[in-house]
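Heads up: the structure comes next, in structure tokens.
Protein chains in written order, with the working numbering: chain X, 31 to 145; chain C, 13 to 126.
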């Protein structure tokens, strides 16, 4: 089974621009979560999608948004980029339908650099 | 407000010895805990998990212990191998929240010395 894939792997943007990152979950997984990793803050939860619906959102400004398609693929968008948005953006997928089973499988991430 | 804390940023251990990585949490709603291992330029890889109904879970060289009253968990690696050198993240989840959000600690960098 193919793992979680993320595109692009690396991205360089300038302040004020917007960016869209893509994530393809493991086949059969319906939950996709996004995390931001920075050296100072570690991994922070951005949002989670399940069956095209956003189920939870972390403490990030409205410039960060996402969506999920019917095939479970997900995109996240960051508008009006700031220098502080430079980070590794990780996508994770899970197959669990509910209950306590909560193992998530991570992709390799997209390294975003904002200049 | 950090709900999951890994107080040791780094740990060095001799090959063959035991590595013990610690994690504390403050949110009593957390009922599922996971450990992930991360190499540079890669995403985190799931290692082992434990539900709050257990106090120990073992998988090969990896054992996770949970002390609910102390809100503390630890990951034991025995014996440690040079390939175990990586950053280890502790994560916690509230399964009753209707979401698969994981709250992570900031990680402990483990170096296993040959």
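The beta carbon of each residue, even a glycine, is placed where N, CA and C say it ideally should be.
- Assigned with DSSP and collapsed to three states, residue 117/X falls in strand.
- A check of alpha carbon separations from residue 93/C across 119/C, 65/C and 73/C identifies 73/C as the nearest.
- Within its own chain, the residues whose Cβ lies closer than 8 Å to the Cβ of residue 40/C, once the five positions on either side in sequence are excluded, are 83, listed in chain order.
- Per DSSP, reduced to three states, the secondary structure at residue 43/C is coil, with no helix or strand assignment.
- Each of 68/X, 93/X and 60/X was checked against the Cα of residue 80/X, and the nearest Cα belongs to 60/X.
- Assignment of residue 96/X by DSSP, reduced to helix, strand and coil, places it in the strand class.
- Residue 138/X reaches chain C at 53, 54 and 55, counting residues in chain order whose Cβ is nearer than 9 Å.
- According to the DSSP assignment, residue 79/X belongs to the beta strand (DSSP E) that extends over 72-80.
- DSSP links residue 65/X through a beta bridge to 75/X and 120/X.
- For residue 69/C, the enclosing beta strand (DSSP E) begins and ends at 68-71.
- Straight through space, the alpha carbons of residue 107/C and residue 51/C are spaced by roughly 28 Å.
- Distance from residue 50/X to residue 107/X at the Cβ level is roughly 5 Å; contact confirmed, criterion being Cβ atoms closer than 8 Å.
- Residue 14/C sits close to residue 118/C, with the two beta carbons spaced by under 9 Å.
- Beta-carbon to beta-carbon, residue 58/C and residue 133/X are separated by about 5 Å, close enough to satisfy the 8 Å threshold.
- Take the alpha-carbon of residue 83/X and the one of residue 47/C: they are about 27 Å apart.
- Just measuring C-alpha positions, the residue of 144/X, 118/X and 92/X sitting nearest residue 56/C is 118/X.
- By the C-beta criterion, the segment 98-105 of chain X is judged not to be in contact with the segment 17-29 of chain C, since fewer than 3 inter-stretch pairs fall below 8 Å.
- Only exposed fits residue 26/C, as fewer than 16 other CB atoms lie within 10 angstroms of its CB.
- Partner residues in a beta bridge of residue 109/C, as assigned by DSSP, do not exist.
- Around the beta carbon of residue 122/X, 16 or more other beta carbons lie within 10 angstroms, which makes this residue buried.
- Chain X has a Cβ within less than 9 Å of the Cβ of residue 115/C.
- Inclusion of residue 67/X and residue 111/X in the CB contact set at 9 Å is not warranted, their separation being larger than that value.
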